[in-house]
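Structure record follows, encoded as structure tokens.
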Amino acid sequence: MSKLIPASLGAMGVGGAGVGSYIYLTSSENKKEEKVMTFKEKYSHALLDLEGNTNDTIWSSKLTALKTGSPHHPDLISAKNAITSQGEDKAKPLHKEACRKIYDSPSDNQDYSHDFKKYCSKLLGDLVTGTWISSDSNSNSSWDGKLNDLINKKSELVSQTLKSFAESLKTGSLTEEQRKTIKDWCSTQKDQFFSGEGDNVIQEIKSYCTSN
């Protein structure tokens, strides 16, 4: 789209065009280029430590995922191949270097978004210790205990979503739909990027989503 604007007063153009003449600016010329944030900028809290050993346990789990995964970034593919051909010790620095490059890449790259989440980032699920409950929602053995805990401790809940859900629960009349609700909430939390949540949030997820 072009934009017609008056030329500067008193300006004389080629061929005698003078006061009142117009010039055209295309929208591309008149539009500031928007900068796309890098993964490092957009997900600063979810980055893994590339230099020290703070996140060694998480790095190990990401390397395991990479071993059986389908990465897109060429350096991650090389790291995956190195796991088999050279062993995990050789693959670890390659894995970290690949993630470093992804951290500096534009966050709107969909292929690298997959790689970042699966192999290079810190999710809430990585920070919650214990065994995540995997029982189906039609099984009351695991989820009913958690639902009753929600009823009894609803005034202490940090999550507003959980608090609202707890208000709808009644002891002794729990349903499969309610079990599915808490199960789905846990699955969502597990897959969220860490964004600086406090220990109370992590502990709450552990309390209602794990068996220990």
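FYI, in the working numbering the residues of the sequence shown are 749 to 960. C-beta atoms are modelled at their ideal positions from N, C-alpha and C, and glycine is treated no differently.
Taking its Cβ as the centre, do 16 or more other Cβ atoms sit within 10 Å of residue i, making it buried, or is it exposed?
i, result
"Glu-952", "buried"
"Ala-813", "exposed"
"Ser-869", "buried"
"His-793", "exposed"
"Asp-863", "buried"
"Lys-838", "exposed"
"Lys-931", "buried"
"Leu-810", "As written in the sequence, residue 810 is Lys, which differs from the Leu given in the question. Result: buried."
"Asn-948", "exposed"
"Gly-946", "exposed"
"Gly-944", "exposed"
According to DSSP, is residue i part of a helix, a strand, or is it coil?
i, result
"Phe-941", "strand"
"Ser-833", "helix"
"Ser-707", "Residue 707 falls outside the range modelled here, since the chain spans only 749 to 960, and no answer is possible."
"Leu-922", "coil"
"Pro-819", "coil"
"Lys-779", "For Lys-779, the pLDDT reaches just 48, beneath the cut-off of 50, and the residue's location in the model is therefore unreliable, although a value from the coordinates is still provided. Residue state, collapsed to three classes: coil."
"Leu-895", "helix"
"Leu-795", "strand"
"Thr-786", "strand"
"Thr-877", "coil"
"Thr-958", "strand"
Identify, in the order they occur along the chain, each residue of the same chain with its Cβ nearer than 7 Å to the Cβ of residue i, setting aside the five sequence neighbours on each side.
i, result
"Thr-936", "none"
"Leu-917", "Leu-895, Leu-898, Ile-899 and Gln-926"
"Ala-846", "His-821, Asp-823, Leu-824 and Ala-827"
"Phe-942", "His-793, Ala-794, Lys-870, Leu-871, Leu-872 and Leu-875"
"Ile-850", "Phe-787, His-821, Tyr-860, Asp-863, Phe-864 and Cys-868"
"Ser-883", "Ser-889, Ser-890 and Trp-891"
"Lys-815", "Lys-828 and Ile-831"
"Glu-836", "Leu-811"
Spatial neighbours of residue i within its chain, please: CB distance less than 8 Å, with the 5 preceding and 5 following residues excluded, ordered by chain position.
i, result
"Leu-842", "Asp-823, Ser-826, Ala-827 and Ala-830"
"Gly-878", "Lys-954, Thr-958, Ser-959 and Asn-960"
"Thr-929", "Phe-913"
"Lys-911", "Lys-902 and Leu-905"
"Arg-848", "Leu-798"
"Asn-803", "Leu-796, Asp-797 and Lys-870"
Please say whether residue j and residue i have beta carbons closer to each other than 9 Å?
i, j, result
"Asn-900", "Glu-924", "no"
"Ser-730", "Glu-789", "Residue 730 is absent from the model: the chain starts at 749 and stops at 960."
"Ser-853", "Thr-786", "yes"
"Lys-938", "Trp-880", "yes"
"His-950", "Leu-875", "Before going further, note that residue 950 is Ile rather than His in the sequence given. It is a contact, given that the beta carbons lie within the stated cut-off."
Among residues of its own chain, excluding the 5 on either side of residue i, which ones have a beta-carbon nearer than 6 Å to its beta-carbon?
i, result
"Lys-844", "Leu-798"
"Val-762", "With a pLDDT of 46 at Val-762, under the threshold of 50, the modelled position of that residue is not reliable, and the figure given next carries that caveat. Result list for Val-762: empty, nothing under 6 Å."
"Val-784", "Pro-854 and Asp-856"
"Tyr-956", "Lys-894"
Residue i CB to nearest chain C CB: under 9 Å?
i, result
"Glu-845", "Of the protein chains in the structure, only one exists, and it is not chain C."
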